[in-house]
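The structure appears below as C-alpha cells.
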Amino acid sequence: MTVKLIVIDLDETLLRKDKSYDVERFNHALHTLKGRDVLVCIATGNSYHKIIDYFSKEDQKDLYFACDNGNFIVKNNEELSTTTVDRETLYKIASFVDEFEGFHIMVNTGNQAFEHISQYNNALAYIEKFEDLPEGEKPTKLAIYSTHSLDRNKIMTRILKERFEDIDSVTSGDGWLDVYSKDGGKGSAVRKLQTKYNIKKEDTMAFGDSLNDESMMKEAHYNIAMGNADHELLLSTTYQIGTNEDSSVINLLEELLLNDSMEFMNKYLIHKKR
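Residue numbers (this note's numbering): -9 to 264.
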C-alpha cells in the first residue's frame, strides 16, 4: 500500500442520509491506518463546531479536519490554517444574492456562523447586516441555502464566479451553495497537507460526492466518486464505488488495509488514466 493521505467528505459520502455511519468499523480502520503512518482528513463544507461531535475524543486526536470547504483546517482542536474571504467582496456578494428569491445567506468564521436570516446551525450569532460582523472574526466562506433545484443552484454558482473574480463558488449537499476565496477550497487544504508532510499526489486518496469535492479530486491520484455522486463530479474522477448508504467508504478502507498492492483499485475504474 502506497497511500499516505486519505481525505474523506462527510455528508452523503461517509455519512448515511440519516447522518449515521458505522462508528466501530471506521474507528478500527482509522487506528490501523494511523499505525501505518497514513494521515486521514475529514474535508467538509460544514463548520468545525457542527461536525466534531460525530467523532470520539480519541478519534479527534488522530483526524485532520478541513472544514468550511477546506478553508479552516484543524488538528487536535488547534487551528492550523485559515483562508478568508475579503470582507468588502463578502458584503457585495451578500447584497447581490439578497436580490434573488429563495437564497438565504450565512457567513462562516471557522468556529461560528453569523447570519441575518434564520437558518439551522449549532453555533450561531445573529446580526442585522453583514457589515456588523465583528472585527476579530475571519470569514472563511459565505454559505447560501437555496430552495431551488440543483440545476438552478449550479447556474447561480456560475453567475457568482463570473461577477466576482476573486472567489470560487460550488454547490454542496442538501441545497447549499458555498462561496469562498479563489485561494481556498478542499483542493487547497489537500495541497497544504501534502506540502506539510511531503506527500505526493500519487500517494493521496480522496472520496466525495458533490461539486465542492471537485478541487480535491484533482489533487489525489486515487480520486473516488460515490455511487450517489453528482454526475458532473464523475468528469473529475477516475474511480467510483458504491453509495454512502452501503458504507462504501469504510468498505474500501478495509479492502485497502488487506492489500499490499493497489491493483485491487482497477475494478473501480470508470475512466482510463490520462
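No residue lacks a Cβ here, since even glycine has one placed at the ideal position from N, Cα and C. The structure displayed is predicted, hence computed values, not measured ones.
Item to check | C-alpha distance - L259 paired with E235, whole-angstrom precision | outcome: Taking the first residue of the sequence shown as 1, we reach residue 259 at position 269. Taking the first residue of the sequence shown as 1, we reach residue 235 at position 245. Looking at the two C-alpha atoms, the distance is approximately 21 Å.
> What did DSSP end up calling D168 once you bin it into helix, strand or coil?
Replying inline: Numbered from its first residue, the sequence shown carries residue 168 at position 178. It is a strand residue.
query: Just checking, does the region 54 to 66 make contact with the region 154 to 173 on the three C-beta pairs under 8 Å criterion?
result: yes
Practice prompt. Alpha carbon to alpha carbon, how far is N98 from T74? Give it in angstroms, no decimals.
Written response: Taking the sequence shown and counting its residues from 1, one reaches residue 74 at position 84. Taking the sequence shown and counting its residues from 1, one reaches residue 98 at position 108. C-alpha separation (whole angstroms): 10 Å.
* Taking all protein chains shown into account, decide if E48 is buried (16 or more other Cβ within 10 angstroms of its Cβ) or exposed. => The residue given as residue 48 occupies position 58 in the sequence shown. Flag for E48 reads exposed.
Worksheet entry | N- and C-terminal bounds of the beta strand (DSSP E) containing K82 | As a working note, residue 82 is residue 92 in the sequence shown. Per DSSP, K82 belongs to no beta strand (DSSP E); it is in the alpha helix (DSSP H), 77 to 87.
Just to confirm before moving on: does the CB-CB distance between S205 and G163 stay below 8 Å? On the sequence shown, residue 205 is found 215 positions in, with the first residue counted as 1. On the sequence shown, residue 163 is found 173 positions in, with the first residue counted as 1. No, the Cβ-Cβ distance between S205 and G163 is not below 8 Å.
task = Compare the C-alpha of K51 against each of A210, V30, I134, N249 and name the closest.
result = The residue you call residue 51 lines up with position 61 of the sequence shown. The candidate whose alpha carbon is nearest that of K51 is V30.
- Item | Cβ pair F254, I(-2) closer than 8 Å | Along the sequence shown, one-based indexing puts residue 254 at 264. Along the sequence shown, one-based indexing puts residue -2 at 8. Against a cut-off of 8 Å, the Cβ pair of I(-2) and F254 comes out as no contact.
Quiz item: Would DSSP call E2 helix, strand or coil?
Solution: The residue you call residue 2 lines up with position 12 of the sequence shown. Residue state, collapsed to three classes: helix.
Q) What are the residues that DSSP puts in a beta bridge with I260? A) Locating residue 260 in the sequence shown gives position 270, where the first residue counts as 1. In DSSP, I260 forms no bridge with anything.
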